[in-house]
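Residue numbers (mature numbering (1 follows the signal peptide of the UniProt record, and there is no 0)): -23 to -1, 1 to 519.
Cβ coordinates follow ideal geometry from the N, Cα and C atoms, glycine included.
Note that the coordinates shown come from a computational prediction; the quantities given were computed from them, not determined experimentally.
Worksheet: the structure to be examined is printed underneath.
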């Protein structure tokens, strides 16, 4: 295999071919195509071509000779187009197909044209010179959330039921009602749903492609109207964000959170002098950050807790031993990059000098000195804002630990979603498999706020819930000490519903609003307005 052919992924769906292009370096070739020409999937009562043995000897829904030739020609075209990049080994290709027989056959025909055996891959004097077996991966059709848009998904079924009752669909039915009545009379087929009209048009289209004469009632006007109906009906399969998300396919594998590889944590501590309010900052002399001031910060090591990591970094950079008093701010770029800023106080050690530090210098700053930008350039843009946030949060963790010790092998977000009316305050509870707070997986390359709002929209299908931002973090659960491969965490965030209680109705029976006790309602109300809480913020890469 040639070294410049890195990855070839073939997925059976649609493909759009573009003209020849010049490309010096190819890292990934992703081919997505549909199956070849096939026979009709259904017949209808007055169909003149319903004799399967005579007109469709391969059976319904199977590849025709023309379809096999098309797939083989496509494979040969791809080999010619990418021959300078592809190797001769079929093992460089990862092929995924739907479990439908026509799709598996199409994949096999394409691969026959794309990877004809050469060199050591010739395995036989006759057939082995023109064909070789290439593995094709598939899953059970009903469970194929990647390539089957009708796979078993109760939530998607509920969304489609809402779409069927939507004004747009009802308007389509009213507009084409005379046409559907005419077609039912002529074809003998009941058109109860737009899918039925789509299936009938597909049958007529395939018959026309195979040079069969259509019935007299399928004149040019009827054909054109059926074609328009077919195009418009396909729009409803992806007409809102919920169904697009549910039917877009799922990833092959949830990413495993491993610090330094798929996951990146940064910890820092803003250390205060409890008597004077002075703040400990570090000035760096490294190239790129020379002369800039910030608080001690760094990355945890494997099998190191977040609080242990921040104590170690403060000691390395300043010489002080500290006690962590609070987790003040959680910042996230995406579901795999997090910054945790703690509050701390000195309990031992002594301040390092320039001779001790080599690359950085530690110094105490009074509150007025912090605002002297001319003499104190900061490494980060929002340094002063975060220092003030931590100042207000520095005592909150005296009642509870900053980070709960609990192991997670995934990145999770637990949502305390609250709403109120004139009588009571409520929290959203998931009923299955037993009552618990809703939990969703943090997406690897997505901002947690986007993940949160997609999660809320999935619960409240059909309701415009608005864009929610967490009011704060109630807890962070993390423990990589006892199980080194489990570097994941769980953020418990507090969210206040923007929609009135009577309109925030969960879809289905999987979630329910549970009335709070008066004590819990008062505690959460205090947390909403209190400055002493763990803030959660998002940052963007420059």
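- The C-alpha of residue 159 lies about 35 angstroms from the C-alpha of residue 78.
- Note on geometry: alpha-carbon atoms of residue 363 and residue 306 lie some 8 angstroms from one another.
- Residue 297 has its alpha-carbon roughly 60 angstroms from the corresponding atom of residue 113.
- For residue 172, the closest of 120, 217, 141 and 426 by C-alpha to C-alpha distance is 141.
- Sorting 395, 400 and 399 by C-alpha distance to the C-alpha of residue 406 places 395 at the top.
- Here the region 399 to 418 makes no contact with the region 188 to 204; the two share fewer than three CB pairs at distances below 8 angstroms.
- It is roughly 10 angstroms from the alpha-carbon of residue 276 to the alpha-carbon of residue 317.
- Note that the C-beta distance between residue 384 and residue 430 is not below 7 angstroms.
- The straight-line gap separating the alpha-carbon atoms of residue 244 and residue 281 is approximately 12 angstroms.
- Comparing alpha-carbon positions, the option among 95, 223, 195 and 293 lying closest to residue 126 turns out to be 223.
- According to the DSSP assignment, residue 309 belongs to no alpha helix (DSSP H) but to the beta strand (DSSP E) extending over 297 to 311.
- Here the alpha carbon of residue 41 sits roughly 25 angstroms from the alpha carbon of residue 123.
- Residue 184 has its alpha-carbon roughly 28 angstroms from the corresponding atom of residue 146.
- Minimum Cα-Cα distance from residue 137 among the listed residues 213, 33 and 421 corresponds to 213.
- Contact between the region 440 to 450 and the region 471 to 491 is established, with three or more Cβ pairs separated by less than 8 angstroms.
- Judged by DSSP in its simplified three-state form, residue 8 adopts strand.
- Sequence-distant Cβ neighbours of residue 32 in its own chain, meaning closer than 6 angstroms and more than five residues away, are 26.
- Counting only runs of 4+ residues, the alpha helix (DSSP H) found wholly inside the region 59 to 101 occupies 78 to 91, in chain order.
- Note on geometry: alpha-carbon atoms of residue 447 and residue 309 lie some 13 angstroms from one another.
- For residue 31, the enclosing alpha helix (DSSP H) starts and ends at 29 to 32.
- Of 416, 46 and 398, the smallest CA-CA separation from residue 477 is found for 398.
- Of the residues 200, 52 and 293, the one whose Cα lies closest to the Cα of residue 153 is 200.
- Between residue 319 and residue 287, the C-beta gap is smaller than 7 angstroms, which places the two residues in contact.
- Three or more Cβ pairs closer than 8 angstroms define a contact, and the region 418 to 425 falls short of that threshold against the region 487 to 499.
- The residues 385, 388, 453, 454 and 455, in chain order, have a CB closer than 7 angstroms to that of residue 466 in the same chain once the five nearest residues on each side in sequence are set aside.
- The three-state secondary structure of residue 107, taken from DSSP, is coil.
- Secondary structure of residue 38 (DSSP, three-state): coil.
- In the three-state DSSP reduction, residue 475 falls in the coil class, being neither helix nor strand.
- For the pair residue 84 and residue 74, the CB atoms are nearer than the 7 angstroms cut-off.
- Between residue 18 and residue 38, the gap from beta carbon to beta carbon is short of 7 angstroms.
- One alpha carbon belongs to residue 345, the other to residue 326, and they sit about 26 angstroms apart.
- Comparing C-alpha distances from residue 13 to each of 87, 55, 411 and 64 shows the shortest one belongs to 87.
- The continuous stretches of alpha helix (DSSP H) do not include residue 188, and DSSP gives it neither H nor E.
- Remark: C-beta atoms of residue 255 and residue 341 approach each other more closely than 7 angstroms.
- Nearest to residue 293 by C-alpha distance, out of 151, 181, 246 and 314, is 246.
- A residue is called buried when at least 16 other Cβ atoms come within 10 angstroms of its Cβ; residue 10 meets this threshold and is buried.
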